[in-house]
Amino acid sequence: DAKTTQPPSMDCAEGRAANLPCNHSTISGNEYVYWYRQIHSQGPQYIIHGLKNNETNEMASLIITEDRKSSTLILPHATLRDTAVYYCIVRAYGGATNKLIFGTGTLLAVQP
Amino acid sequence: DAGVIQSPRHEVTEMGQEVTLRCKPISGHNSLFWYRQTMMRGLELLIYFNNNVPIDDSGMPEDRFSAKMPNASFSTLKIQPSEPRDSAVYFCASSPSANPYGYTFGSGTRLTVV
Numbered sequence: 021d022a023k024t025t026q027p028p029s030m031d032c033a034e035g036r037a038a039n040l041p042c043n044h045s046t047i048s049g050n051e052y053v054y055w056y057r058q059i060h061s062q063g064p065q066y067i068i069h070g071l072k073n074n075e076t077n078e079m080a081s082l083i084i085t086e087d088r089k090s091s092t093l094i095l096p097h098a099t100l101r102d103t104a105v106y107y108c109i110v111r112a113y114g115g116a117t118n119k120l121i122f123g124t125g126t127l128l129a130v131q132p
Numbered sequence: 073d074a075g076v077i078q079s080p081r082h083e084v085t086e087m088g089q090e091v092t093l094r095c096k097p098i099s100g101h102n103s104l105f106w107y108r109q110t111m112m113r114g115l116e117l118l119i120y121f122n123n124n125v126p127i128d129d130s131g132m133p134e135d136r137f138s139a140k141m142p143n144a145s146f147s148t149l150k151i152q153p154s155e156p157r158d159s160a161v162y163f164c165a166s167s168p169s170a171n172p173y174g175y176t177f178g179s180g181t182r183l184t185v186v
């Protein structure tokens with residue numbers, strides 16, 4: 021699975037959009053981009069995933085560049101409860117092994 | 073749906089003792105994963121099962137660790153003998169097979185070995 025690079029930490033003002041970047045320059049054609057987050061002391065939580073088109077759900081939007089070498093997770097109106105570590109993971113859907121490998125992620129601190 | 077249920081939530085044990093962590097996956101999920109999280113190493117995948125069969129245990133740190141899944145609704149992770157460096161939060165997750173966006177994690181077991 022391709023590796024990802026994320027900034028270790030970011031700040032965001034409450035009510036503003038939080039834009040979390042992820043670089044995955046070695047991504048393969050059959051690999052998806054997944055985002056999970058982990059709020060302090062809880063288990064990780066699925067947010068969103070995509071292949072090459074932009075995706076949106078009730079939690080967030082995912083913007084993937086045309087060359088697919090990077091992506092951005094957008095939380096449109098961040099709240100204090102969005103303070104968490106956000107993980108960007110790249111892997112092939114339905115691959116030979118069904119496992120997610122977590123990196124170090126980005127600690128997003130939403131400030132009041 | 074009660075989600076993935078782990079027990080106990082907290083465990084404090086003395087070095088050398090046997091520790092057993094338990095997990096009940098979501099009904100219908102046929103993949104189950106055990107992760108360990110520490111400040112130094114982050115989230116590490118220890119082992120995962122598919123249809124109750126261990127598929128990949130390459131993350132199990134050493135022979136002191138063992139995991140079983142006797143049926144679709146129950147799994148255990150055992151450490152014998154336990155050591156202080158095993159102190160961590162252990163998470164269990166389940167998913168429908170080959171479905172990475174379907175992972176659901178439990179609340180974890182915080183293990184402290186003194």
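Residue numbers (my numbering), protein chains in the order written: chain A, 21 to 132; chain B, 73 to 186. Backbone N, C-alpha and C define an ideal beta-carbon position, used for all residues, glycine too. Quick caveat: nothing in here was measured; it's all calculated off a predicted structure.
For residue i and residue j, I'd like the C-alpha separation in whole angstroms.
i, j, result
"residue 111 of chain A", "residue 174 of chain B", "14 angstroms"
"residue 47 of chain A", "residue 25 of chain A", "12 angstroms"
"residue 28 of chain A", "residue 40 of chain A", "11 angstroms"
"residue 98 of chain B", "residue 176 of chain B", "8 angstroms"
"residue 166 of chain B", "residue 146 of chain B", "11 angstroms"
"residue 86 of chain B", "residue 158 of chain B", "11 angstroms"
"residue 94 of chain A", "residue 84 of chain A", "11 angstroms"
"residue 131 of chain A", "residue 34 of chain A", "6 angstroms"
"residue 91 of chain A", "residue 31 of chain A", "18 angstroms"
"residue 152 of chain B", "residue 186 of chain B", "14 angstroms"
"residue 75 of chain A", "residue 54 of chain A", "11 angstroms"
"residue 124 of chain B", "residue 101 of chain B", "11 angstroms"
"residue 42 of chain A", "residue 75 of chain B", "29 angstroms"
"residue 90 of chain B", "residue 155 of chain B", "10 angstroms"
"residue 122 of chain A", "residue 95 of chain B", "21 angstroms"
"residue 133 of chain B", "residue 116 of chain B", "10 angstroms"
"residue 77 of chain A", "residue 71 of chain A", "15 angstroms"
"residue 86 of chain A", "residue 107 of chain A", "21 angstroms"
"residue 135 of chain B", "residue 88 of chain B", "14 angstroms"
"residue 104 of chain B", "residue 122 of chain B", "7 angstroms"
Given residue i, which residues of its chain have a CB within under 6 angstroms of its CB, disregarding the five upstream and five downstream residues?
i, result
"residue 129 of chain B", "119"
"residue 82 of chain B", "182"
"residue 150 of chain B", "92 and 138"
"residue 66 of chain A", "56"
"residue 109 of chain A", "54 and 120"
Answer with buried or exposed for residue i, where buried requires no fewer than 16 other C-beta atoms within 10 angstroms of its C-beta.
i, result
"residue 100 of chain A", "exposed"
"residue 102 of chain A", "buried"
"residue 191 of chain B", "With chain B covering 73 to 186 only, the question about residue 191 of chain B has no answer from this structure."
"residue 119 of chain A", "buried"
"residue 113 of chain B", "exposed"
"residue 73 of chain A", "exposed"
"residue 64 of chain A", "buried"
"residue 169 of chain B", "exposed"
What residues match up with residue i in a beta bridge as DSSP calls it?
i, result
"residue 83 of chain B", "B/183"
"residue 129 of chain A", "A/31"
"residue 51 of chain A", "A/112"
"residue 84 of chain A", "A/91"
Which same chain residues end up closer than 7 angstroms to residue i when comparing Cβ atoms and leaving out the 5 residues on each side of it in sequence?
i, result
"residue 160 of chain B", "108, 109, 110 and 183"
"residue 104 of chain A", "57, 58, 59 and 128"
"residue 179 of chain B", "78 and 81"
"residue 163 of chain B", "107, 109, 177, 178 and 180"
Enumerate in chain order the residues of its own chain whose CB-to-CB distance from residue i is below 8 angstroms, with the five nearest sequence positions on each side excluded.
i, result
"residue 96 of chain A", "37, 80 and 81"
"residue 126 of chain B", "119, 120, 139 and 141"
So that I know if they touch, is there some Cβ in chain C lying closer than 8 angstroms to that of residue i?
i, result
"residue 49 of chain A", "Protein chains in the displayed structure are A and B, and chain C is not among them."
Can you check the segment 77-156 of chain B for any beta strand (DSSP E) of at least 3 residues that lies completely inside it and give the ranges in chain order?
77-79, 82-85, 91-96, 103-110, 114-122, 125-128, 137-143 and 146-151
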